Amino acid sequence: MLNQMITKSVTLLCVFTLLLSPLHAYADNGEATARGKVSQLNEGQKAPFKGILLSPEAAAGLFADIKFSQKECDLKLDRELKLRTSVLNSNIDALTLRLEIEQKRTVSLLGIKNERIQFLEKNWQPEPWYQTGEFWLGTGVVLGIVITVASGYAIGQASK
Amino acid sequence: MVWFKEKWKAVVGVAAALIGGLLVLLRINSNARKQKEILKKANESHKAELDANKTAEKKKDAGLQKIHDESLKEVDRLHRTANKKDEDLRNEKEKFTQRQKESDTLARDLADEIGADFVEPDDN
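Just so you know, the protein sequences line up as chains F and P, in that order. Counting in the working numbering, the first sequence runs without a single skipped number right up to 160 at its last residue. Counting in the working numbering, the second sequence runs without a single skipped number right up to 124 at its last residue.
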């Protein structure tokens with residue numbers, strides 16, 4: 001019975017300890033570790049913490065890489081952007097030119113075909129018979145003959 | 001005149017036949033002329049269409065060639081400009097590296113850059 005009481009008490013104590021313990025304190029320690037440390041050593045000096053030692057050349061190269069990476073990236077982006085823009089503008093120009101030429105060609109062909117259709121429509125219908133040249137020629141010839149015959153007859157009658 | 005009075009029907013008949021034949025010939029000739037005119041117009045129309053197509057193709061080829069040439073020039077110019085900028089940046093970076101290599105504050109600057117704490121070394 002006493003053992004059970006002790007066990008329960010210890011359990012409760014552990015639970016409360018876990019719940020109420022200042023977790024943020026550990027987090028602070030973690031953050032401090034994550035920030036890292038940098039030191040500058042001369043030959044023979046004692047290192048103040050465990051870490052990686054870089055030569056001045058390597059450190060300067062690393063520093064320059066960090067410092068210039070944004071500018072290098074911007075330059076690459078700028079180059080690609082301008083190249084893509086140039087190529088796409090060229091494509092747009094080519095397509096615009098094609099469109100303009102095709103529009104002009106279509107208008108021109110439609111004009112030619114319309115003119116031809118109008119000509120064919122005009123020539124498809126037969127000319128009215130009274131407007132034909134043959135009718136008027138025939139009429140003229142017949143009238144000429146009739147007038148000649150009538151004149152001859154009249155002259156003959158008059159001479160009698 | 002007597003002969004004409006006797007044969008006037010035949011004369012009128014022959015004259016009518018001659019006039020009729022002449023009119024038929026004229027009609028055939030007229031139709032042929034009209035068909036010739038239609039064919040001529042069709043030929044002219046086809047020629048005009050071919051000319052329009054040829055002109056359009058020529059303009060298109062010339063225009064596309066010009067755009068292509070200009071595009072090549074522009075791309076070349078962009079490459080040259082970008083290469084120059086790359087070269088300048090490389091030189092600048094090289095000079096910066098050289099400066100930093102000899103700098104006494106390299107470690108402090110590096111720490112500031114990467115957001116780390118600078119720790120003074122232990123002199124012992």
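The beta-carbon is built from N, C-alpha and C at its ideal position, and this holds for glycine as well. Keep in mind the model is a prediction, meaning the values are calculated, not measured.
- Task: Can you tell me the Cβ-Cβ gap for T97 of chain P and A60 of chain F, rounded? I've got them flagged as a contact below 8 angstroms.
- Result: 5 angstroms
- Query: Does the Cβ of K36 of chain P lie closer than 8 angstroms to at least one heavy atom of the ligand PLP?
  - Reply: With respect to the ligand PLP, the structure shown offers nothing to examine, as it has no ligands at all.
- Task: State buried or exposed for A47 of chain F, treating a residue as buried only when at least 16 other CB atoms are found within 10 Å of its CB.
- Result: exposed
- Three-state secondary structure (DSSP) of F49 of chain F: coil
- Could you confirm whether any beta carbon from chain F is found closer than 9 angstroms to the beta carbon of E6 of chain P? no
- Query: Who are S39 of chain F's beta bridge partners in DSSP?
  - Reply: P:V119
- Listed by chain order, chain F residues near K85 of chain P by CB distance under 7 angstroms: L75
- Task: Determine the burial state of Q35 of chain P: buried for a count of at least 16 other Cβ atoms within 10 Å of its Cβ, exposed for fewer.
- Result: exposed
- Query: Anyone know if the C-beta pair for R35 of chain F and D117 of chain P falls short of 9 angstroms?
  - Reply: yes
- Message: Taking CB distances under 9 angstroms as the criterion, tell me whether V75 of chain P reaches chain F.
- Response: yes
- Beta carbon of S30 of chain P, beta carbon of T132 of chain F: below 9 angstroms? yes
- What is the DSSP secondary structure of G152 of chain F, counted as helix, strand or coil? helix
- Message: List, in chain order, every chain F residue whose beta-carbon is nearer than 8 angstroms to that of R27 of chain P.
- Response: T132 and E134
- Task: Check whether the Cβ atoms of F63 of chain F and Q100 of chain P lie closer than 9 angstroms to each other.
- Result: yes
- Item | Within chain P, the residues that G36 of chain F reaches when beta carbons sit closer than 9 angstroms | A111, I114, G115, A116 and D117
- Query: Just the Cα atoms here: how many angstroms apart are V149 of chain F and G21 of chain P?
  - Reply: 21 angstroms
- Task: Please determine, among F:L81, F:P128, F:I6 and F:D93, the residue with the shortest C-alpha to C-alpha distance to D69 of chain P.
- Result: F:D93
- Item | Residues near A25 of chain F by beta carbon distance below 8 angstroms, same chain, minus five either side | Per-residue confidence for A25 of chain F stands at a pLDDT of 47, beneath the threshold of 50, marking its modelled position as unreliable; the derived number appears in the next sentence. Nothing listed; no residue qualifies.
- Reduced DSSP category for M160 of chain F - H, G, I as helix; E, B as strand; rest coil: Note on identity: in this sequence residue 160 of chain F is Lys, with Met being the wrong assignment. In this structure, K160 of chain F counts as coil in the three-state DSSP scheme.
- Looking at the unbroken alpha helix (DSSP H) that takes in D61 of chain P, where does it start and where does it end? V2 to K101
- For A56 of chain P, count neighbouring Cβ atoms within 10 angstroms of its own Cβ and tell me buried if that reaches 16, exposed if not. buried
- Message: Could you give the first and the last residue of the continuous alpha helix (DSSP H) run that contains P56 of chain F?
- Response: P56 to W124
- Message: Within the continuous alpha helix (DSSP H) that includes D104 of chain P, where are the two ends?
- Response: No alpha helix (DSSP H) holds D104 of chain P; DSSP gives it neither H nor E.
- Burial state of S151 of chain F, where buried means 16 or more other Cβ atoms lie within 10 Å: exposed
- Message: In this structure, how does DSSP classify G44 of chain F when only helix, strand and coil are distinguished?
- Response: coil
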